[in-house]
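Enquirer: One structure is given below, represented as structure tokens, and several questions about it will come after.
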Amino acid sequence: MLISPTKFPRKCRSFFALMFVLSWALLLLWIYITNQPTQANSKQTFEGKENVNEPPNSRKSYSAVIQEFSLSLYADTDPNRFHLNVNKSHMTSVTRDVQDTRPSQCAAVQYEIASLPVASIVIPLHNEPWSTLERLINSILKRSPPQLLKEIIIIDDMSDLDHLGDPLNRYAEQFDVLKIHRALERLGTMKARVLGTQLAKGDVVVFLDSHTEVNVGWLEPLLHEISKHNTAIVQPSIDVVDPDTFQYRQYFKNNLRGHFKWSMGFEYVPLTVKQKAEVVAEPTKAFNTPAIVGCAFAVNRKYFQDIGGLDTGMRTWGGEDVELSVRVWLCGGSMKISPCSHVAHIHKSAHPFKMDYSDLVYNNRRTAEMWLGNYRKYFYYFNAGFAKPPGPSETFSEMDEIKKKFKCKDFDWLLKNVYTELEIPPEGSEYFGHLRNLGSGFCFGPSDSSVVGSFPIITQGDCFIYYKVRNFALLKNGLLMVDGKCVYIEQNFLVISPCSKGISKWSFKGKQLVYKDIFGSKCAVQVPKVVDSTEKQVAMMIPCDSSNRAAEWEITNKLYKVDI
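Structure, rendered in structure tokens:
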């Protein structure tokens, strides 16, 4: 039987009406709440168990923020300004996955995250394309355990590009961990890093160039090594992002370590035989290196400040990495490279900002004067065309307190214990370095310096900077030497033999390498005759011909005698 609503008691009708209103109110409240972004979705945080490998969907990309300011994404793409293919960078995903370039054993290494120190990432920035910067930031967030990431500090060093102004501020607001600090005057890379260190709050400071990109598992090995050795400065293994194609690739399949030359210039070279054996035995273990390059390295923040940080007496850019390396070694610390941490660097075709070469020479001279002691004469021998010894009023005493505090050793200790490969030119050298044929571009060297007797000079491959090539010395007295032996002529071929009292007269005549004896003069030339045992081309003597490109040579450094 149906009952008319009018038959319900008044109290029942009031109750049903109230329940109906409350139901609609609760429904509307639920719809409102579920459509509001949560804090985790509106602003990236790095607390609790949030997974940085899954960025929040509501976070706006840098490019979207730039467009909100009515700026063109392709307003600044001149490759002559940035010295990289900006359009290709913009078209390459800023959240891309990259090849894991670590040794295969690294993936199995387990780290106790809770016991590791936390890191502040410091990134000096000056006029970087937006996509290279965003790609770096995303790679850090995507591939770093959030509990180890205290902060990312970007030191904007007076950039004047529109997208690095308010759009960068707006983009950074989406991340609690990302901080922008604007310099009030042009600092240069070194002083920008020093400022970042002063602002940092993490146990460890990790310095990254603004055009780098970190690989999977990059941070933990650095922090682990520093937790074991708090006076070690640790560099990742440096990979490469091609500036034209933006392909990420491993730079060198086998591990390299950093060296510096007497000019104080940095270079990578293969590991020593002993270190190769150690790496084979323990492929995940960090190994010592005489020097590091400045694009990426990690250091205990307190130790870094105690040891003097980066030398603020240097100008703008260049040479600070070698100076720091020498200082740390001589003052009780160590420099290491981690094979399980990989960071790629874009090697731009030129410097994107104005740089005076005299500043680099000045910086290198500071290193020589402060740390090389009596060996500093070799710096001037290699740089006398550019660098002159300081006058009576010029001093380099800024590091004197550091030397006293840490009881720093002499440079001779470094040569005997760390950097035994740094070869001292024979006394009286006019030229010293790689013997390079200008026609082929090949470098030459001994076929086997360990055998007794004579052995030929043969090609050793392309003379690019990272190839291990022997050094030749051409002396004022006419001797041409390599590995402590002398170059002679046997049946018109250049051979290496122990030095004797016999007269040997080598010299350069223009670009020709001339040998003169009582029978006359001949010139060295590269010939296609192959040494059977090595399948290498050889050098031999023929009548001089200035039109023969295969008879043109150089020894890479002309030395200048300087009184200091």
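First residue of the sequence shown? That's 1 in UniProt numbering, and the numbers climb one at a time after it. Quick reminder that beta carbons are idealized off the backbone N, C-alpha and C, glycines included.
If we count Cβ pairs, one from each stretch, closer than 8 Å, do we get three or more for the region 222-232 versus the region 259-279?
Expert: Contact fails: fewer than three Cβ-Cβ distances are below 8 Å.
Enquirer: Considering only the beta carbon of each residue, do residue 325 and residue 291 sit closer than 8 Å?
Expert: Along the sequence shown, one-based indexing puts residue 325 at 325. Along the sequence shown, one-based indexing puts residue 291 at 291. A contact, by the Cβ cut-off of 8 Å.
Enquirer: In the DSSP assignment, the beta strand (DSSP E) including residue 160 goes from what residue to what residue?
Expert: Taking the sequence shown and counting its residues from 1, the one referred to as residue 160 is at position 160. Where residue 160 is concerned, there is no enclosing beta strand (DSSP E), given that its DSSP letter is neither H nor E.
Enquirer: Less than 8 Å between the beta carbons of residue 402 and residue 308, yes or no?
Expert: One-based indexing of the sequence shown puts residue 402 at position 402. One-based indexing of the sequence shown puts residue 308 at position 308. Yes, Cβ-Cβ distance for residue 402 and residue 308 is below 8 Å.
Enquirer: Given residue 145, which residues of its chain have a CB within under 6 Å of its CB, disregarding the five upstream and five downstream residues?
Expert: Here residue 145 corresponds to residue number 145 of the sequence shown, with the count starting at 1. If we look at residue 145 and ignore the five residues flanking it on each side, its Cβ neighbours are 113.
Enquirer: Near residue 547, which residues of its chain fall below 7 Å by C-beta distance, leaving aside the five closest residues on each side in sequence?
Expert: Residue numbering aside, residue 547 sits at position 547 when the sequence shown is read from its first letter. Within the same chain, residue 547 has no close Cβ partners at all.
Enquirer: Could you pull the DSSP bridge partners for residue 240 from this structure?
Expert: Residue mapping note: residue 240 aligns to position 240 of the sequence shown, counting from 1. DSSP, once it has assigned bridges, lists 249, 345 as partnering residue 240.
Enquirer: Hey, could you find the ends of the beta strand (DSSP E) residue 182 is sitting in?
Expert: As a first step, residue 182 must be located in the sequence shown, where it is residue number 182. Note, residue 182: beta strand (DSSP E), 178-182.
Enquirer: Rounding to the nearest angstrom, what Cα-Cα distance links residue 538 and residue 528 in this structure?
Expert: Walking along the sequence shown from the start, residue 538 turns up at place 538. Walking along the sequence shown from the start, residue 528 turns up at place 528. If I take the Cα positions, the gap works out to 7 Å.
Enquirer: Tell me the DSSP secondary structure of residue 97 in three-state form.
Expert: The residue you call residue 97 lines up with position 97 of the sequence shown. Coil.
Enquirer: With residue 142 as the anchor, note down where its beta strand (DSSP E) starts and where it stops.
Expert: Within the sequence shown, the letter at position 142 stands for residue 142. Premise fails: residue 142 lies in the alpha helix (DSSP H), 130-143, not in any beta strand (DSSP E).
Enquirer: Hey, out of 439, 431, 295, 337, whose CA is closest to residue 482's CA?
Expert: To locate residue 482, count along the sequence shown from 1; it is residue 482. For the residues 439, 431, 295, 337, the minimum Cα distance to residue 482 belongs to 431.
Enquirer: Have a look at 551, 536, 89 and flag the residue whose alpha-carbon is nearest the alpha-carbon of residue 245.
Expert: As a working mapping, residue 245 is identified with position 245 in the sequence shown. Measuring from the Cα of residue 245, the nearest candidate turns out to be 89.
Enquirer: To the nearest angstrom, how far is it from the Cα of residue 597 to the Cα of residue 475?
Expert: Nothing about residue 597 can be reported from this structure: the residues present for the chain run from 1 to 564 only.
Enquirer: Pick helix, strand or coil for residue 459, following the three-state DSSP scheme.
Expert: For the purposes of this step, residue 459 is identified with residue 459 of the sequence shown, where counting begins at 1. Residue 459: strand per DSSP, three-state reduction.
Enquirer: Pairs of beta-carbons, one from the region 151-162 and one from the region 126-139, closer than 8 Å: are there three or more?
Expert: These segments touch.
Enquirer: According to DSSP, which residues form a beta bridge with residue 300?
Expert: Taking the sequence shown and counting its residues from 1, one reaches residue 300 at position 300. DSSP output for residue 300 lists 204 as bridge partner(s).
Enquirer: Touch check for the region 406-422 and the region 381-388: three-plus C-beta pairs under 8 Å?
Expert: No: fewer than three Cβ pairs fall under 8 Å.
Enquirer: In three-state DSSP terms, what is residue 104?
Expert: Here residue 104 corresponds to residue number 104 of the sequence shown, with the count starting at 1. Three-state DSSP puts residue 104 in a helix.
Enquirer: Which same chain residues end up closer than 7 Å to residue 360 when comparing Cβ atoms and leaving out the 5 residues on each side of it in sequence?
Expert: The residue you call residue 360 lines up with position 360 of the sequence shown. 318, 319.
Enquirer: Can you tell me whether residue 405 is buried or exposed, with buried defined as 16 or more other CB within 10 angstroms of its CB?
Expert: Taking the first residue of the sequence shown as position 1, residue 405 is located at position 405. It counts as exposed.
Enquirer: May I have a chain-ordered list of the beta strand (DSSP E) segments no shorter than 3 residues that lie completely inside the region 205-237?
Expert: Listed in chain order, they are 212-214.
Enquirer: Just checking my contact of residue 553 with residue 470 at CB under 8 Å: how many whole Å lie between their CB atoms?
Expert: Reading the sequence shown from its first residue, position 553 is the one you call residue 553. Reading the sequence shown from its first residue, position 470 is the one you call residue 470. Their Cβ separation, rounded to whole angstroms, is 15 Å, which puts residue 553 and residue 470 out of contact at 8 Å.
Enquirer: Using the Cβ count rule (16 or more neighbours within 10 Å means buried), how would you classify residue 75?
Expert: Counting from 1 along the sequence shown, the entry for residue 75 is found at position 75. The residue is exposed, with fewer than 16 neighbouring Cβ atoms inside 10 Å.
Enquirer: Quick check: residue 339 and residue 237, are their CB atoms within less than 8 Å of each other?
Expert: What you label residue 339 is simply residue 339 of the sequence shown in a count that begins at 1. What you label residue 237 is simply residue 237 of the sequence shown in a count that begins at 1. Going by C-beta atoms, residue 339 is nearer than 8 Å to residue 237.
Enquirer: Mind checking whether the beta-carbon of residue 125 lies closer than 7 Å to any heavy atom of the ligand MN?
Expert: Absence of the ligand MN is noted for the structure shown, with no ligands found whatsoever.
Enquirer: What did DSSP end up calling residue 52 once you bin it into helix, strand or coil?
Expert: By one-based count along the sequence shown, residue 52 stands at place 52. Here the model assigns residue 52 a pLDDT of 45, short of 50, so the residue's position is not dependable, and the following value carries that caveat. Looking at residue 52 - three-state DSSP - the assignment turns out to be coil, as it is neither helix nor strand.
Enquirer: Quick one: what does DSSP say residue 403 is sitting in, helix, strand or coil?
Expert: Working through the sequence shown from its first residue, we reach residue 403 at position 403. It is helical.
Enquirer: Helix or strand or just coil, what does DSSP make of residue 551?
Expert: Stepping through the sequence shown from its first residue, residue 551 is reached at position 551. Here residue 551 sits in helix by DSSP.
Enquirer: Pair every Cβ in the region 278-292 with every Cβ in the region 195-209, then say whether three or more of these pairs are closer than 8 Å.
Expert: No, because fewer than three Cβ pairs between the region 278-292 and the region 195-209 fall closer than 8 Å, the two stretches do not touch.
Enquirer: Applying the 10 Å Cβ sphere with the 16-neighbour rule, what's the burial state of residue 398?
Expert: For the purposes of this step, residue 398 is identified with residue 398 of the sequence shown, where counting begins at 1. The residue in question, residue 398, is exposed, as its Cβ has fewer than 16 Cβ neighbours within 10 Å.
Enquirer: Note down, in chain order, each residue of its chain lying with its Cβ closer than 6 Å to the Cβ of residue 46, except the 5 sequence neighbours on either side.
Expert: Numbered from 1 along the sequence shown, position 46 holds the residue referred to as residue 46. With a pLDDT of only 28 at residue 46, under 50, the local geometry of the prediction cannot be trusted, and no value is derived from it.
Enquirer: Where does residue 40 land, buried or exposed, given buried means 16+ other C-beta within 10 angstroms?
Expert: Indexing the sequence shown from 1 puts residue 40 at position 40. At residue 40 the pLDDT is 30, less than 50, meaning the model places this residue with poor confidence and gives no usable figure here.
Enquirer: Among residues of its own chain, excluding the 5 on either side of residue 323, which ones have a beta-carbon nearer than 6 Å to its beta-carbon?
Expert: Taking the sequence shown and counting its residues from 1, the one referred to as residue 323 is at position 323. Answer for residue 323: 311, 367, listed in chain order.
Enquirer: Return the Cβ separation of residue 479 and residue 504 in integer angstroms, given the expectation that the two are a contact with Cβ distance under 8 Å.
Expert: Numbered from 1 along the sequence shown, position 479 holds the residue referred to as residue 479. Numbered from 1 along the sequence shown, position 504 holds the residue referred to as residue 504. Sure, about 6 Å apart at Cβ, within 8 Å.
Enquirer: Terminal residues of the continuous beta strand (DSSP E) containing residue 485?
Expert: Taking the first residue of the sequence shown as position 1, residue 485 is located at position 485. Its beta strand (DSSP E) spans residues 485-490.
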